[in-house]
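Note that this note's numbering has the sequence shown beginning at 685, numbered continuously upward.
Contents: one structure, followed by commentary.
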Amino acid sequence: MKKFLLLLAIASIAPSLFSQAPSPAPNRPVVTLAIRERTNATQWFAATPNAEVYGYQDSLLRLSLTQRIRKFDYMLDLGQSAELALPTDAVSPVAAQGQLGLGGTYYAANSNNAYPAAASFRQGFLRYHFREDASTARIGRFEFFEGQEMPARDASLRWLQTNRVLQRLVGNFGFSNGQRSFDGADVKFGGSSWDVTAMAGRATQGVFNMNANPELNVDIQYLSYSRYINQHMLIRGFGIGYHDGRTGLTKTDNRTAAARALDHSNIRIGTYGGDIVAALPVGKTTVDFVLWGAGQGGRWGVLDHSAGAIAVEGGMKLNTVASTPWLRGGYLRSTGDNNPNDGKHNTFFQILPTPRVYARYPFYNLMNSTDTFVQLIDNPNKKVEVRSDLHFLQLTSKQDFWYQGGGAFDNKVFGYTGRPSNGSASFSSIFDMSADYAITPQVSLSAYYAHAYGKTVIAAIYPRNRDSNYGYFELNYKFQKHL
C-alpha cells in the first residue's frame, strides 16, 4: 500500500515537469438534475405451489454542482434513493432458497422496510488538471469505472468498451438504487494515444442499502495502462489489489457452515489481467472482437486463493443496412472450486463490479460461471436501440455454489450469496430483449424483459417452477443549467 501511495504521489508530480498551456478562465457553475424511475415486475422460481410474483418501484434523484476554475474543477453530488412497495414475503425461511429476486434483496438490506428511503452524499471531489487536461489528480469521494480509462472515439468501439469491458471488476453498480462510490484519490497521466491511471480508495455503503453515506472496511488499489493500437483497437493491462477487513462477517464460499464461521481472517487478493477491444472496418462491414482475461492470487481468509477468468467474443456489424444490425457471440469461463476441504479457494472473485452489465437478468454473476451467448443489436433509427441476448449458462464446478451479487455493500452481510449446486453443473438458459429510446437529449425510455429456463441446479432448489421472468420499464430525465 505504501508503494502504491508513493506511485500516486510521483505520478501527480511528474506532469508538472512538462510545459503547460495557459490556464483557462473560470467557467460558470453547472447544476445537473437527474431522475430515474423504474417499475419492476418479477416472477421468481418457485419451491411451493404459490409462485413468488410481485412488483415494486425504484426511485432515484441525483442533484450535482460542478465548476471548472482555471486548472481545478470540483463536483458536489447528492442522491435521494427510495424503494416503494417492496414485497414483504420475498425472503424464504429456507436458507438455500434465500432472497426471491431483487425485491427480496432490497427488503432484507434495509431492515425489512418495504418503503426505505435515504439521502446520501454520492460524490464530492477536487481535481487538478495538468498540461492540456490529458493528466489529472483527484481527491475526495467519487465514482470509479475500471475499463474506460481511455474512452473510445469510434462509436462501435465505444459500445464494446461500455458493454463488454467496462465495470467487469470495479464499478458503481449503477443499476442498483443505492449505487457505490469510493473515498480516495486517483491520478491520470497520458496523451492522445495512451493513458496510465492509478487509484486507491475505500468503498462506501450503498448498492441495495439506501444509505450510501458510511465507508466500509473494504479498499482497492488499481493501476492500468491503456493504449490505442490504431483508431479501431484499444489494449489495456491492469492490476487490482483488494482488501476486505470485515472480519466479523461469514464469507460466502463452498466450505461447510462450521468452517466458514471459524474464519475471521482478512481477504487480500491481487487480480492481474488485460483486454483487447477492436472494431475493424472490413469493406462495408465492421468486424469486432473482444479478448479479456484475469488471474488472481492471495488469501481468502485462512485459505490460499488462486483463480482466473477469460472471455472471448466476436461479431459483425452490417453498415450497408439502414438499421446496422450487429450479430455477436462469445464465451466466458471463470474458475470454480472443486474441493471445499483442500485448504484452497479457487472460485473467481468478481471484486466490486456492476454485474448487471454482464448478467442483464441479475440472478447470476461471473463467479463459477461458464456462459456461451449470442446477441443481436439493431438501431431502427438513431434514437432507438433494440437488443436481444440468448445465454447458455453452466456452473464451472459442480462442487461449488451458484453465486449472486456484486460485492460488499454494508457491514452486515458479505455482499455475495451462494446457493448449493447439489452436485450438478447444469444451470440455466436465458432469453432477454430490451429497447432504449432517446426521446430528447434530456428524456429517455427503456424497457426490458427476460425469461430464465432453469435446469438441474435450479430445479433442485425450486422444484415447483424452475422458470422465472423479470421485466421493467424505466424513465430517465436529465436537466442542466449554468448558474
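For glycine and all other residues, C-beta sits at the position ideal for the given N, C-alpha and C.
Distance CB(residue i)-CB(residue j) smaller than 9 Å
{"i": "Ser910", "j": "Gly885", "result": "no"}
{"i": "Arg848", "j": "Gly992", "result": "no"}
{"i": "Gln845", "j": "Leu918", "result": "yes"}
{"i": "Gly1102", "j": "Trp1086", "result": "yes"}
{"i": "Ala766", "j": "Leu786", "result": "no"}
{"i": "Leu760", "j": "Leu717", "result": "no"}
{"i": "Ile960", "j": "Val974", "result": "yes"}
{"i": "Ser1093", "j": "Gln781", "result": "Note on residue identity: the sequence assigns Phe, not Ser, to residue 1093. No, the Cβ-Cβ distance between Phe1093 and Gln781 is not below 9 Å."}
{"i": "Ala818", "j": "Ser776", "result": "no"}
{"i": "Gly985", "j": "His927", "result": "no"}
{"i": "Pro1104", "j": "Ile1142", "result": "no"}
{"i": "Val971", "j": "Gly998", "result": "yes"}
{"i": "Lys968", "j": "Thr1019", "result": "no"}
{"i": "Asp1116", "j": "Tyr1133", "result": "yes"}
{"i": "Gln1034", "j": "Tyr1137", "result": "no"}
{"i": "Thr772", "j": "Asn734", "result": "no"}
{"i": "Arg825", "j": "Arg806", "result": "yes"}
{"i": "Leu1050", "j": "Phe857", "result": "no"}
{"i": "Asn1153", "j": "Asp1021", "result": "no"}
Selected residue, minimal CA-CA separation from residue i, among the options
{"i": "Ile823", "options": "Ala792, Ser865 and Leu784", "result": "Ser865"}
{"i": "Arg752", "options": "Arg720, His813 and Glu721", "result": "His813"}
{"i": "Gln1083", "options": "Ala718, His1029 and Leu760", "result": "His1029"}
{"i": "Asn1095", "options": "Asn1049, Asp838, Tyr738 and Thr931", "result": "Thr931"}
{"i": "Leu900", "options": "Ser990, Val1070, Gly979 and Gly1091", "result": "Gly1091"}
{"i": "Val891", "options": "Val1070, Asn1022 and Asn794", "result": "Asn794"}
{"i": "Leu1016", "options": "Lys755, Ser1007 and Asn1052", "result": "Asn1052"}
{"i": "His1075", "options": "Gln1034, Tyr1048 and Asn796", "result": "Tyr1048"}
{"i": "Ala1109", "options": "Asn861, Lys1139 and Val737", "result": "Lys1139"}
{"i": "Val880", "options": "Leu850, Gly923 and Leu786", "result": "Gly923"}
{"i": "Phe859", "options": "Asp742, Ser748, Leu933 and Asn1023", "result": "Asp742"}
{"i": "Gly979", "options": "Gln832, Ile953 and Tyr758", "result": "Ile953"}
{"i": "Gly831", "options": "Tyr791, Val871, Gly921 and Asp757", "result": "Gly921"}
{"i": "Glu827", "options": "Val854, Ala801, Ala802 and Arg815", "result": "Val854"}
{"i": "Asn1168", "options": "Leu1011, Ala963, Tyr912 and Ser1007", "result": "With the chain running from 685 to 1167 in the structure shown, residue 1168 is simply not present."}
{"i": "Gly862", "options": "Asn897, Val871, Asn711 and Trp728", "result": "Asn897"}
{"i": "Pro1054", "options": "Asp903, Pro835 and Ala1043", "result": "Per the sequence presented here, residue 1054 reads as Thr, with Pro not at that position. Ranking Asp903, Pro835 and Ala1043 by Cα distance to Thr1054 puts Ala1043 first."}
{"i": "Ala725", "options": "Ser1018, Gln1078, Tyr1156 and Phe1163", "result": "Tyr1156"}
{"i": "Ala803", "options": "Asn895, Ala887 and Lys755", "result": "Asn895"}
{"i": "Pro1125", "options": "Arg1148, Asn1160 and Gly1099", "result": "Asn1160"}
{"i": "Leu841", "options": "Lys1001, Val871, Ser1112 and Ala801", "result": "Lys1001"}
{"i": "Asp1073", "options": "Leu933, Arg1012, Arg712 and Lys1067", "result": "Arg1012"}
Bridge partners - residue i, DSSP secondary structure assignment
{"i": "Glu1069", "result": "Asp1120"}
{"i": "Arg1012", "result": "Gly999 and Gln1059"}
{"i": "Lys1165", "result": "Val715"}
{"i": "Thr726", "result": "Tyr738 and Tyr1154"}
{"i": "Thr970", "result": "Pro965 and Lys1001"}
{"i": "Ser990", "result": "Gly981"}
{"i": "Ile1114", "result": "His1075 and Ala1136"}
{"i": "Ser765", "result": "Leu744 and Ala802"}
{"i": "Pro1104", "result": "Phe1085"}
{"i": "Phe809", "result": "Met759 and Gly824"}
{"i": "Gly954", "result": "Gly925 and Gly981"}
{"i": "Asp879", "result": "Gly874 and Ser910"}
{"i": "Asp959", "result": "Arg920 and Trp976"}
DSSP-derived helix/strand/coil call for residue i
{"i": "Pro1024", "result": "coil"}
{"i": "Arg752", "result": "strand"}
{"i": "Asn1095", "result": "coil"}
{"i": "Asn1160", "result": "strand"}
{"i": "Ile1142", "result": "helix"}
{"i": "Ser1053", "result": "strand"}
{"i": "Ser840", "result": "helix"}
{"i": "Val1127", "result": "strand"}
{"i": "Tyr789", "result": "Tyr is not the amino acid found at residue 789; the sequence shown has Thr there. Helix."}
{"i": "Pro817", "result": "Note that residue 817 corresponds to Asp in the displayed sequence, not to Pro. Of the three classes helix, strand and coil, the one that applies to Asp817 here is helix, per DSSP."}
{"i": "Val778", "result": "coil"}
{"i": "Asn1149", "result": "strand"}
{"i": "Arg1044", "result": "coil"}
{"i": "Phe828", "result": "coil"}
{"i": "Pro1064", "result": "strand"}
{"i": "Ala798", "result": "coil"}
{"i": "Arg944", "result": "helix"}
{"i": "Pro1037", "result": "coil"}
{"i": "Ser1018", "result": "strand"}
{"i": "Leu975", "result": "strand"}
{"i": "Gly1090", "result": "coil"}
{"i": "Ala1109", "result": "coil"}
{"i": "Arg886", "result": "strand"}
{"i": "Arg720", "result": "strand"}
Completely contained alpha helix (DSSP H) runs for the segment 888-932, where each covers 4 or more residues: Listed in chain order, there is nothing to give.
If we require 3 or more residues per run, which beta strand (DSSP E) segments fall completely within the segment 830-877? As far as the segment 830-877 is concerned, its whole beta strand (DSSP E) runs of at least 3 residues are 866-874.
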